[in-house]
Structure formats: structure tokens, C-alpha cells
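Those letters in the sequence shown? Residues 1 to 720, per this note's numbering, in order. Glycine included, C-beta positions come from ideal geometry on N, C-alpha and C.
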Amino acid sequence: MDIKLDPSQDDLPLMANTSHTLVKHYVLDLDVDFKSQIIEGTIVLFFESGSRFKKQSSSTEETCQSESNEACKFRMPEACHIPVTNTRTFSSKMGYNDFTVCGKGEKDTSGKDGNHDNREQASGISSSKYCCDTGNHESEDFLLVLDCCDLSVLKVEEVDVAAVPGIEKFTKSPKLTVVSEELRNQIIHELVTLPADRWREQLDYYARCSQAPGCGELLFDTDAWSLQIRKTGAQTASDFPHAIRIRYRTKPQGRSVTWTSDQSGRPCVYTMGSPINNRALFPCQEPPVAMSTWQATVRAAACFVVLMSGENSAKPTQLQEGCSSWHYYVTMPMPASTVTIAVGSWTEMKPETCSSHDLATERSFSPSEADFRYVGVCGHMEYPCRFQIASATTQEIIPHRVFAPVCLRGACQETLLRLIPPCLSAAHSVLGTHPFSRLDVLIVPANFPSLGMARPNKEKTGHVSDSGSSVIKHGLNPEKVFMQVHYLKGYFLLWFLAKRLGDDAYFSFLRKFVHTFHGQLILSQDFLQMLLENIPEEKRLDLSVENIFRDWLESSGIPQPLLRERQAGAECGLARQVSAEVAKWIRVNRRPRKRKRRETEEVFEKLLPDQLVLLLECLLERKTLNPRTLQSLERTYHLPEQDAEVRHRWCELIVKHRYTKAYKDVERFLQEDQAMGIYLYGELMLSEDAGQQQVARRCFKLTREQMDRSSAEVVAEMLF
1 MDIKLDPSQD
11 DLPLMANTSH
21 TLVKHYVLDL
31 DVDFKSQIIE
41 GTIVLFFESG
51 SRFKKQSSST
61 EETCQSESNE
71 ACKFRMPEAC
81 HIPVTNTRTF
91 SSKMGYNDFT
101 VCGKGEKDTS
111 GKDGNHDNRE
121 QASGISSSKY
131 CCDTGNHESE
141 DFLLVLDCCD
151 LSVLKVEEVD
161 VAAVPGIEKF
171 TKSPKLTVVS
181 EELRNQIIHE
191 LVTLPADRWR
201 EQLDYYARCS
211 QAPGCGELLF
221 DTDAWSLQIR
231 KTGAQTASDF
241 PHAIRIRYRT
251 KPQGRSVTWT
261 SDQSGRPCVY
271 TMGSPINNRA
281 LFPCQEPPVA
291 MSTWQATVRA
301 AACFVVLMSG
311 ENSAKPTQLQ
321 EGCSSWHYYV
331 TMPMPASTVT
341 IAVGSWTEMK
351 PETCSSHDLA
361 TERSFSPSEA
371 DFRYVGVCGH
381 MEYPCRFQIA
391 SATTQEIIPH
401 RVFAPVCLRG
411 ACQETLLRLI
421 PPCLSAAHSV
431 LGTHPFSRLD
441 VLIVPANFPS
451 LGMARPNKEK
461 TGHVSDSGSS
471 VIKHGLNPEK
481 VFMQVHYLKG
491 YFLLWFLAKR
501 LGDDAYFSFL
511 RKFVHTFHGQ
521 LILSQDFLQM
531 LLENIPEEKR
541 LDLSVENIFR
551 DWLESSGIPQ
561 PLLRERQAGA
571 ECGLARQVSA
581 EVAKWIRVNR
591 RPRKRKRRET
601 EEVFEKLLPD
611 QLVLLLECLL
621 ERKTLNPRTL
631 QSLERTYHLP
641 EQDAEVRHRW
651 CELIVKHRYT
661 KAYKDVERFL
671 QEDQAMGIYL
681 YGELMLSEDA
691 GQQQVARRCF
701 KLTREQMDRS
711 SAEVVAEMLF
């Protein structure tokens, strides 16, 4: 691919001023409407600011970047036209008496600004008092900056947490008489710093506070990549409200959510690891350093299942007829990019026999005050960690649920359900304690951008300003998502290190590494440094962090250490078996159409999927393969029925040798395996064969509307 890098378009801004204040918890309250393809509702953010910010000026200089020095205008929104109900009460079972609103609205038609649904702001404020000034004057208000894109922000207000019944327990006063900003912030400070064994109480009060009445609307504005919020008179992060509520709605074209259909043709929506992560799902702090917990209530039509990356196995609560509510939460602080949601007509796949032991396992291993025990010292910030629960450390298979489209029920029942338990057990045997108490597995739609999930997300990828804002270099370049060189090098580096240490020593190290760094942000240097410290001197030789970076990261091409190991790898038994099969196929390909009677038929061995991939890659190196050979290959190994990796190589053979009889397999792959199919589009177009180019354009026409934006942009550039 010819990648043209343009920093003004390719670099992804991280605008949040995380150096001044950090979000400690999010409470989301959302409605999913498939008719309008909009998710709307509120998010409440709970902040904690450091003492070092008390007299520090705002991040105005870094975040209000108007090249023409125009004023940044902060406006008070008009009365929100979405119904707001403040009379809900929070139940003691971690759920809500939710909105009775469900499945409403039309498609969003707001303009570029998107803040106020194209309505004029009668109360808009644009006086010089609120202009961004590059000078640091004592009269400036603190500017809170959140990462935000493709959202219509409708209202921002401070939350009166002091109005929550029983909240006085978080203050030094037995009765709240005079309520001030300082008192509200003190309440939030006490709430976010509760000890880990009071996590249930903490979640309960987060929810209660999120439903408290507002106590003043805040000035706000948006630009392409951020939401900027002020409160008049609040000059520091410490003075700024520590609990704010934002009412907003997503846009159908938002880049953090994909509205599509599942393999059964039923509507669904999901979030993906797109270049902009979750900032088009909710306003947040995107830099990974902003670790937070969250809880979410999501409402949708009763025919849909709502799945999230939460720690609890949520069940639906029926509200009004035809509408259900789902509640999830997370107690481990994690980056905002890890919040995921998928809503669709999924079917839960259950084993044919469900023993009472499985249910008991889920109950006994869920975190609670009763079984919370300190069995070691952790290096992360405090949270109810499973590594400190003695019984959890020996739990090989955590409770799990499997969801799939209706049409894949049979395949999941026959194959997937049997595979998950041994996979979980194997992960435990290698890495140790599972970090979460349960797991949901979802068969995602065909257009899920699987390679996009592997996007690098470094903590510091460019210059980091004093406010904490930075950029991810080339993070918005659509072609970067499909460049796999760094992933391949990473895989072979780990393979090289495992070979140098030996499997036993290497896996022992991995277990020690996970135990040491669980719950923390880590860099590659942390991993490599600890690995080298655990290598005996006689095996370390010339290995160092600097040498590894030089050979594997900073140098192009195949690293020299890998070249030296290549020959040894070719001598393993499985590889030798493939080489023998390749030789047989070469002989078959050389034979004339009419064979002599005395010639014996070749007998081909049964190969594993990985061996099939290697076999097809070896055959791809052959200049010519005749149609008879390709037809025999297809019949011998049932190639159209193999996994996606095998079928991808099979499609490459079809394209290379213009095997027209199997073009149907290429078309199927382009439609059912869209993320991997990106490369095939390139090969179809580079062939300069009119028939193949017609296949490419026909498939793209059928799938273009389903593709994620990056994939569609890359393919369109290839085709047109």
C-alpha cells in the first residue's frame, strides 16, 4: 500500500487535560434507538484533582487552538428538548427504576456544530469574558477538556451530590446545613477514595449521586475533537465541580459505533476499536493514563440483548411493555477505550446440560465483602482485586456466556461451546489468576474490523503538553490499521525469546510478569526489562533492551536473529511433513493431462490448519498451477470449508492463477470476512484482469454500506 502521511489529517489528537484532573468513575444512562440509529441519554463524570493544581492556571493555551485567534465562545444551552426525568429512584439491587422512554426519535439532522440540534441559542454567551486568552491571568476560569467527536452535546450541568439522602456520611458534618462547592467536592473526594472492600456501597452512591438534581448549568463548547467546559469563577481544577452531568446523543455516522446487521440479517449495533476509540460514544478522557471505573444502564426494545464489558452477568429488567433495561459495572480502573457495548438479537448458547456446580461457581467467585481477602501485595491502585481472593487464584474456568446470531446456533453448539472451557483452563495454567470473574463471548457481525481492535495505543506517542494533551502519530490514517508488520515482528520476537529461554522458563516468566503488573499500565520496556532480569547470564548473551529495540523495532526487514533461527524452524516435524506434501503437489502439477496407466496416484496426508496455511503459502510461490491441480487441492482439503486463514490463502491462489471456477469462493470471502478481505481487493485490482476487477467492484458495492469507515476508505481508493 502506498501510505501518504499527512500529520494534519493523520495524527489523532488526545485533547483531555489529564494532568489537571482525572475522571475516576463514569455513570452512563442510555437509550438505544434502532429506528433513528442514535444512542442518547446522560453521562455523569466524577473527578479527582491533585493538590498541585490548586493555583495552577487552566489549560487554555494548549486546548483552545484557534489559528485565526478567534474567540472560543462558550454557550449556555437552551432548555433541553429531550424529556428529562429527575424523579427516578435507585434500587438496592444495583439497578434503576428507569426511564419509561424507549425506541423514539428520528435520525439526527443536526449540523456540523451538533451541540444544539441546529437551534439558535437565545442564551448564548460570546462576550470577551469567556474568550480564550493565551496569557495566564488570575481572572481566567479553569477549562475542563474532554475527548469528544461526532456527538451532539445538549446540556452540561453540575450535580448537587449534597442533595442525596444519607450523603452526610461522607462529610464531617452530621447534618448538611450550608452547601458549598467545597463541600460537594469534599463529598466526591471521600466517595472516590473509599477502600476497595466497600465497592458495593461506592457503586450504590455513585448511582444515587448520578440521579441527584442539577445545581447550575455550565458553559460549554465543542470543536472537532473535544468538549470544553467552564464554570464562571472556578479558576482551578480543585475549584471546578467534581461531579458533572452531560446530556448528549450520538450521531448515526459516529465513528465509535457501527449500526449494521448480523449474519441472520437482524439489526444490531456495536462499538469497535476504531482509531478514535469511544469518544463518539461518550465524552471521556482517552489517554490510557486516565484509568477509571464505570457503571451503565442501557435501555432497548425487549427483543434485543445488551452486552457490555462489565464484571457482572447482567439480566434484563422489563420496564414498560416492549422495553428492557440492562445494568453493567466495572470495579477495576481501566482506560475509557475498554468500555464496549453490543446490542442485537443475539441468542444465548447454553451447554446441553447445565450443572448446579457451574451456578455455584459463579456465586462463590463473584467479588464480595465476605470473600475479599488479602493474600499478597499488589502494585496497582486499590480495587477489589481477584489476585487477593485466595479461592479465585485456583479457579481455572470462570463463568462464561456465549451469544450468537440465530443462524449460527448449530455451529456454536457443536464447536465453540466445547472449546471455551479448555481455552480458559489453558490460559489459567500459563498466566495464572483470571483478572475478571466472568466472561461474555459474542460472535460479531461479518463487518467487524478485527484488525482495528489491534490498533497500537501508546501512552506517549508525541509531545505531551503540560495539560496532558498529546497526539497518536498517524492514528487516523485509514491504511495504518491494515499494516501488520509491527504485529508480525512482535509475534516473532516473542517466539524468539521463548526459544532462547526454553518453554518452561518462558511460561514461568509470563506468569510472574502477569502477577507483578496486573491492573497496571505497562510499556514494552517493562516487559523486556523484567524478562532480561529473569534470564540466566549464560542465555542472555548479547540481549539487552537497547539491542532488541534496534533489531526488532527500529530496523526494517526481517531481524537478523530471526534469520538465524529460520533454518532450524524449517527442520521441525510438522514443517517437514508440509514440505513433503508440497513436493507431491508439484509432481501432480507437472503431469500431463493424460497420465500413463502405470503411474500411481499421490496419497496426501491429512494436515492441521496451520500446516494448510504453510502448504498454500509454499504453493503461492510457484509461478504456475494448472486448473486441474487447483481443483484437486480444493477437493482434497475441502478448502472452502476451512477457517478464514486457510481460505484467505486459497483465495490468493484463485486470484493469482485466475481460476474462474472458484471466483465464488473469493466473493464469499470478501462478503463474510470483510476485515481480512481488504488485502484481496488489492490483489484483484493489481491483476489488471477485467473479470477480477469486476468481482472486486461488485462485492464492494454489496458491502460498502456495512464496512467500517477505515476499511471502506482504503478499498475505495484501490478501486476507483
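Cross-strand partners of E217 (DSSP beta bridge) | Answer by DSSP bridge pairing, in chain order: E157.
In the DSSP assignment, find the unbroken alpha helix (DSSP H) run with F46 in it and report its ends.
-> F46 -> not in any alpha helix (DSSP H); beta strand (DSSP E) instead, spanning I38 to S49.
Could you pull out every residue in the same chain whose Cβ sits closer than 8 Å to the Cβ of G233, ignoring the five residues on either side in sequence?
-> Taken in chain order, the residues that qualify are D141 and D239.
Using a threshold of 7 Å, state whether the C-beta atoms of V23 and S292 are closer than that.
-> Their beta carbons are under 7 Å apart, which means V23 touches S292 by this criterion.
R593 versus L501, Y506, C268 and R628, residue with shortest Cα-Cα distance | Checked all of L501, Y506, C268 and R628; the closest Cα to R593 is R628.
Proximal residues to A580 (C-beta, below 8 Å), its chain only, five neighbours per side dropped = E605.
Which two residues bound the contiguous alpha helix (DSSP H) that contains M530?
-> Its alpha helix (DSSP H) spans residues S524 to E533.
Please confirm if the stretch 200 to 215 is in contact with the stretch 155 to 170, defined as three or more CB-CB distances below 8 Å between the two stretches.
-> Yes, the stretch 200 to 215 touches the stretch 155 to 170.
Tell me, please, whether the stretch 191 to 203 touches the stretch 246 to 255 by the rule of three or more beta-carbon pairs shorter than 8 Å.
-> Because the criterion of three Cβ pairs below 8 Å is not met, the stretch 191 to 203 and the stretch 246 to 255 do not touch.
Helix, strand or coil: which one does DSSP assign to P422?
-> Note: P422 maps to helix in three-state DSSP.
From which residue to which residue does the alpha helix (DSSP H) around Y663 run?
-> Element bounds for Y663: Y663 to E672.
Would you check if the stretch 640 to 656 and the stretch 612 to 622 touch, i.e. whether three or more CB-CB distances between them fall below 8 Å?
-> Yes, the stretch 612 to 622 is in contact with the stretch 640 to 656.
Could you give the distance in angstroms between the alpha-carbon of E726 and the alpha-carbon of I389?
-> Since the displayed the chain opens at 1 and closes at 720, residue 726 lies outside it and no answer follows.
Note down the Cα distance separating W259 from R418, rounded to an integer number of angstroms.
-> Cα-Cα distance, rounded: 31 Å.
Counting only the same chain and skipping the five closest in sequence on each side, list residues whose C-beta sits under 6 Å from that of L625.
-> Contacts found: N589 and H657.
Helix, strand or coil at A336 [DSSP, three-state] | It is helical.
Whole runs of the beta strand (DSSP E) within the stretch 405 to 449, excluding any shorter than 3 residues | Counting only runs of 3 or more, we get 439 to 442.
Helix, strand or coil: which one does DSSP assign to C699?
-> If DSSP states are grouped into helix, strand and coil, C699 belongs with the helices.
Closest to S19 by CA distance: which of P252, Q285 and W225 is it?
-> Checked all of P252, Q285 and W225; the closest Cα to S19 is Q285.
Helix, strand or coil for F304, going by three-state DSSP, please let me know.
-> It is coil, neither helix nor strand.
Straight-line gap, S391 to T415 (C-alpha atoms, nearest Å) = Taking the straight line joining both Cα atoms gives about 30 Å.
Identify whether F403 lies in helix, strand or coil by the three-state DSSP scheme.
-> When DSSP states are grouped into helix, strand and coil, F403 belongs to the strand group.
Can you give me the Cβ contacts of M453 inside the same chain, cut-off strictly under 8 Å, excluding the 5 residues immediately before and after it?
-> Residue placement at M453 is poorly supported in this model, since its pLDDT is 43, which falls under 50; the coordinates are not used for a value here.
Nearest to P399 by CA position, among A314, H474 and C323, is which residue?
-> That would be A314, whose Cα lies nearest to the Cα of P399.
6 Å Cβ shell around S210 - same chain, five flanking residues per side excluded = Only V27 and V44 meet the Cβ criterion.
Can you give me the Cβ contacts of A196 inside the same chain, cut-off strictly under 6 Å, excluding the 5 residues immediately before and after it?
-> For A196, where only same-chain residues beyond five positions count, the Cβ hits under 6 Å are E382, Y383 and P384.
What does a CB cutoff of less than 8 Å around A446 pick up in its chain, not counting 5 residues either side in sequence?
-> The beta carbon of A446 lies closer than 8 Å to those of Q263, Q671, E672, D673, Q674 and Q706 in the same chain, with the five residues before and after it left out.
Report the residue ranges of all beta strand (DSSP E) runs contained in full by the stretch 214 to 297; include only those spanning at least 3 residues, in chain order.
-> Note on the stretch 214 to 297: whole beta strand (DSSP E) runs with a minimum of 3 residues are 214 to 217, 219 to 222, 226 to 230, 243 to 250, 257 to 261 and 267 to 271, in chain order.
Q706 bridges to which residues according to DSSP?
-> Looking at the DSSP assignment, Q706 forms no beta bridge with any residue, so it has no partner.
Integer-rounded CB distance, given that C651 should sit under 8 Å from L686 = A Cβ-Cβ separation of about 14 Å leaves L686 out of contact with C651 under the 8 Å criterion.
How long is the line joining the alpha carbons of A301 and L151, rounded to whole angstroms?
-> A301 and L151 have their C-alpha atoms roughly 23 Å apart.
Inter-residue spacing [alpha-carbon to alpha-carbon] between S345 and I420 | Whole-angstrom Cα-Cα distance: 22 Å.
Distance, V715 Cα to T660 Cα | Distance from the CA atom of T660 to the CA atom of V715, rounded to whole angstroms, is 22 Å.
Skipping 5 residues on each side, what residues in its chain have a beta carbon closer than 6 Å to that of T42?
-> Cβ neighbours of T42 within its own chain (closer than 6 Å, five residues either side excluded): D29, R245 and R247.
What did DSSP end up calling A342 once you bin it into helix, strand or coil?
-> Three-state result, A342: strand.
Mind checking which residues open and close the beta strand (DSSP E) that includes S470?
-> Per DSSP, the continuous beta strand (DSSP E) segment holding S470 begins and ends at S470 to I472.
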